[in-house]
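Q: Please find one structure pasted underneath; my questions will follow.
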Amino acid sequence: MARDSAGNFVLNTLRPGKDGKLPTVDKPKSREDAMKRNQPAEDNSGGQSMTLHDNGDGSYRSEASDGTSTDHPTLGHMLMHVANHHAPDSKHMHIEHDGMAPKSHQVGEGGEPEGPHDHANMEALKQHMDQFLSEEENEPGYDDESEEKTPSQMGFGG
Numbered sequence: 003m004a005r006d007s008a009g010n011f012v013l014n015t016l017r018p019g020k021d022g023k024l025p026t027v028d029k030p031k032s033r034e035d036a037m038k039r040n041q042p043a044e045d046n047s048g049g050q051s052m053t054l055h056d057n058g059d060g061s062y063r064s065e066a067s068d069g070t071s072t073d074h075p076t077l078g079h080m081l082m083h084v085a086n087h088h089a090p091d092s093k094h095m096h097i098e099h100d101g102m103a104p105k106s107h108q109v110g111e112g113g114e115p116e117g118p119h120d121h122a123n124m125e126a127l128k129q130h131m132d133q134f135l136s137e138e139e140n141e142p143g144y145d146d147e148s149e150e151k152t153p154s155q156m157g158f159g160g
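Just so you know, this note's numbering puts 139 at position 137 of the sequence shown, and the rest follows in order with no gaps.
Here it is in structure tokens:
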């Protein structure tokens, strides 16, 4: 790790200049300016970008680059909306713990976010995860000998 002229360690990506000082970066003057700096100049990926907003009251808003806007009652709901938007053919789950008990949000393949689901303890959460992620066990053609494992087989529940 590099050191500056005062002998302090600095990240390797930040190198002191000839004067021994670290380079400075102009700070954005407003929130809008900061958001503009984080926006790509042009999106050539064919994908869609999203901007996420904290409303300051525990709710959130997401805005897609196509102009659609969605309000979300919780952070977990917003995260599941974004995950489903960018990977709709997958299942997604978000777990949070508020110091008292675990909560979960989830979204199935192409579905709407669900939750928050309150769980009495970690075992209840594990059972919920196992049920949500292992739905294919109940579908025709599921093979117990397949390489796919349920969350309980992976050590997430019992």
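All residues carry an ideal CB built from backbone N, CA and C; glycine is no exception. What you are looking at is a predicted structure, and each value in this text was computed from that prediction instead of being measured.
Give the single residue among L127, H55, Y62, E65 whose Cα lies nearest to the Cα of Q108.
A: L127
Q: Can you tell me which of the three DSSP states H119 falls into?
A: strand
Q: What distance in whole Å lies between the Cβ atoms of A66 and M80, which are believed to be in contact at a cut-off of 8 angstroms?
A: Rounded to whole angstroms, the Cβ separation of M80 and A66 is 12 angstroms, and the two are not in contact under 8 angstroms.
Q: Classify Q129 as helix, strand or coil using the three-state DSSP reduction.
A: helix
Q: Hey, how far is the Cα of A8 from the Cα of K20?
A: 13 angstroms
Q: Give the range of the beta strand (DSSP E) segment to which M95 is assigned.
A: 94-99
Q: From what residue to what residue does the alpha helix (DSSP H) around M82 run?
A: Element bounds for M82: 77-88.
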